[in-house]
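**Student:**
In UniProt numbering, the protein residues as written are 1 to 129.
Right, dumping it as structure tokens:
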């Protein structure tokens, strides 16, 4: 019982996450968030890689890397501009970004892609559809 109490006291709590502070200019942040929001709103629930593919197609100037886009998505979640939902379709979970106005039950079904086929596409062995 003493060991259990010692372990309980020694357990540290989860650290509080500090709010995200963006380093870009406010005008640039506004244009990036607006375009990301429009992409997510237009194309429905999207994974991070899907959002990145669509944003690259739009051709934003201020967004230079996928890492920066992830930080922007996290900031948009914090400001409640986007929400993150979990899709349990099949053996793998998918975390999808969506707007607050999209009902996930009414969202279009995403086509299931074979995991092996996805890996081959990433390596460049198969042409993209």
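Ideal placement from N, C-alpha and C gives every residue a C-beta, glycine not left out. Computed from a predicted model, the values in this text were never measured in an experiment.
Starting from residue 138 and walking both ways along the beta strand (DSSP E), at which residues does that stretch end?
**Tutor:** Any property of residue 138 remains undetermined from this structure, which presents the chain solely from 1 to 129.
**Student:** Is it buried or exposed for residue 84, if we count other Cβ within 10 angstroms and need 16 for buried?
**Tutor:** When all chains shown are included, residue 84 counts as exposed.
**Student:** Counting Cβ pairs closer than 8 Å, one from the segment 66–80 and one from the segment 10–22, do we hit at least three?
**Tutor:** In short, these stretches touch, since the Cβ pair count reaches three.
**Student:** Under the three-state reduction of DSSP, which class applies to residue 60: helix, strand or coil?
**Tutor:** DSSP places residue 60 in coil when its eight states are reduced to three.
**Student:** Assuming residue 95 and residue 47 make a contact with CB atoms under 8 Å, what is their CB distance in whole Å?
**Tutor:** The Cβ separation is near 7 Å, so the contact holds.
**Student:** Select from 42, 90, 1, 86 the residue whose C-alpha is nearest the C-alpha of residue 58.
**Tutor:** Checking every option, the nearest Cα to that of residue 58 belongs to 42.
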